[in-house]
Amino acid sequence: MQFDRDTNFYAILQVDEAASGSVIRAAHQVLLELYMDDRPRRALVEEAYKVLSHPTQRKQYDAFRDGVRGRGDDEQPEITVLCPVCESANVLNPLKDNRAAACGICRAKLAKDLIGKPIRKQAKKNMLAIFKKRYAGMSKQYRSSLVFGLIFLTVAVIGTGTFFGFKSRWNLDNVRIEMRQPGQAGGQSAALAQAPKGPVVPVSPGQRQADALASIKRDGWAVGQRYEVTGPAGKQVVVEATKAGAGGIRLYFQGGRLTSMEGM
Numbered sequence: 001m002q003f004d005r006d007t008n009f010y011a012i013l014q015v016d017e018a019a020s021g022s023v024i025r026a027a028h029q030v031l032l033e034l035y036m037d038d039r040p041r042r043a044l045v046e047e048a049y050k051v052l053s054h055p056t057q058r059k060q061y062d063a064f065r066d067g068v069r070g071r072g073d074d075e076q077p078e079i080t081v082l083c084p085v086c087e088s089a090n091v092l093n094p095l096k097d098n099r100a101a102a103c104g105i106c107r108a109k110l111a112k113d114l115i116g117k118p119i120r121k122q123a124k125k126n127m128l129a130i131f132k133k134r135y136a137g138m139s140k141q142y143r144s145s146l147v148f149g150l151i152f153l154t155v156a157v158i159g160t161g162t163f164f165g166f167k168s169r170w171n172l173d174n175v176r177i178e179m180r181q182p183g184q185a186g187g188q189s190a191a192l193a194q195a196p197k198g199p200v201v202p203v204s205p206g207q208r209q210a211d212a213l214a215s216i217k218r219d220g221w222a223v224g225q226r227y228e229v230t231g232p233a234g235k236q237v238v239v240e241a242t243k244a245g246a247g248g249i250r251l252y253f254q255g256g257r258l259t260s261m262e263g264m
């Protein structure tokens with residue numbers, strides 16, 4: 001294999017002549033990343049690595065260099081690698097000073113970027129700030145979702161009309177309700193009798209249809225027309241009742257239970 005006396009493969013890879021194979025492979029990988037957009041220099045790096053990574057070709061190349069030095073020829077100057085950012089020639093050797101830089105970057109660039117040991121603590125601080133900022137935004141989204149979810153649930157409960165025994169529609173403009181315990185005798189209490197408007201109806205929310213109708217009959221109400229209606233809460237049975245001197249009422253039953261009531 002023919003070699004060019006003007007080309008120094010060790011200088012191209014920025015390694016010592018006694019460098020091991022692992023050091024040469026590491027230099028090859030680092031320089032390929034460094035010269036990713038520089039095809040001529042990448043070609044030189046590939047050529048140097050092809051020779052120095054092959055034991056036989058490396059021996060031939062070392063013998064060729066020894067012969068060149070034996071004839072008294074001047075040493076070829078090492079290739080100066082410029083920083084790709086600031087174009088400075090003050091480039092660190094990535095293998096001899098690998099604790100300071102992960103690739104061939106000058107010290108001016110090293111002081112600004114998050115690479116290497118000198119600013120490792122600063123890199124951790126920056127990553128921590130990114131972590132806090134990212135997850136703070138996520139927690140804010142979760143809190144917003146929870147709030148809107150509770151609002152939606154509240155609206156849904158109110159709209160359905162029935163949830164865990166609580167009733168959402170009781171038109172009390174013209175009706176007063178007398179709440180009684182099971183087995184309690186009918187009749188108006190003194191407080192309810194003094195109420196300003198509306199008849200007293202001896203029924204309870206959630207009371208069974210048969211019990212509610214029997215209770216109002218005992219109180220002097222005459223049960224009249226019955227029919228079904230379909231509303232937001234579903235299908236309901238409507239029972240109309242009248243009483244002399246008290247007017248009329250409509251009782252709404254769903255699932256056999258009293259859900260709402262209004263005056264006629």
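Numbering (full-length UniProt numbering), first residue to last: 1 to 264.
Heads up, the beta-carbon is just placed ideally off N, CA and C, and yes, glycines get one too.
So what's residue i in DSSP terms, helix, strand or just coil?
i, result
"Gly67", "helix"
"Gln254", "strand"
"Val15", "coil"
"Gln207", "coil"
"Ser20", "coil"
"Ala35", "Checking the sequence, you will find Tyr at residue 35 rather than Ala. Correct three-state label for Tyr35: coil."
"Thr259", "strand"
"Arg5", "coil"
"Gly220", "coil"
"Gly234", "strand"
"Ala26", "helix"
"Ala246", "coil"
"Tyr10", "helix"
"Arg58", "helix"
"Met264", "coil"
"Leu52", "helix"
"Pro40", "helix"
Take the Cβ of residue i as the centre, count every other Cβ of all protein chains shown within 10 Å, and call the residue buried at 16 or more, exposed below.
i, result
"Asp219", "buried"
"Tyr61", "buried"
"Leu34", "buried"
"Val155", "exposed"
"Pro199", "buried"
"Ser20", "exposed"
"Ser145", "exposed"
"Gln207", "buried"
"Pro202", "buried"
"Met36", "exposed"
"Ala27", "buried"
"Thr259", "buried"
"Met264", "exposed"
"Val239", "buried"
"Tyr252", "buried"
"Val229", "exposed"
"Val147", "exposed"
"Leu52", "buried"
"Ile158", "exposed"
"Ile24", "buried"
Kindly indicate which residue of the options has the alpha-carbon position closest to the one of residue i.
i, options, result
"Val45", "Leu153, Gln29, Met261", "Gln29"
"Gly245", "Trp221, Asp16, Ala63", "Trp221"
"His54", "Gly224, Val237, Phe9, Ala210", "Phe9"
"Leu31", "Ala18, Ala48, Pro205", "Ala48"
"Pro232", "Gln254, Ser215, Asp66", "Gln254"
"Lys217", "Leu13, Val51, Thr242", "Thr242"
"Phe3", "Val223, Gln14, Gly149, Gln57", "Gln57"
"Leu13", "Arg39, Glu262, Lys50", "Lys50"
"Lys235", "Gly247, Arg257, Gly224", "Arg257"
"Val223", "Leu213, Thr230, Glu17", "Leu213"
"Gln209", "Gln225, Tyr227, Val237", "Val237"
"Phe64", "Arg39, Arg5, Val23", "Arg5"
"Arg226", "Lys59, Arg250, Ser204", "Arg250"
"Asp66", "Glu17, Val23, Leu150", "Glu17"
Does the CB of residue i have a neighbour CB from chain C at under 8 Å?
i, result
"Ala43", "This model lacks chain C altogether, as it is built from one protein chain only."
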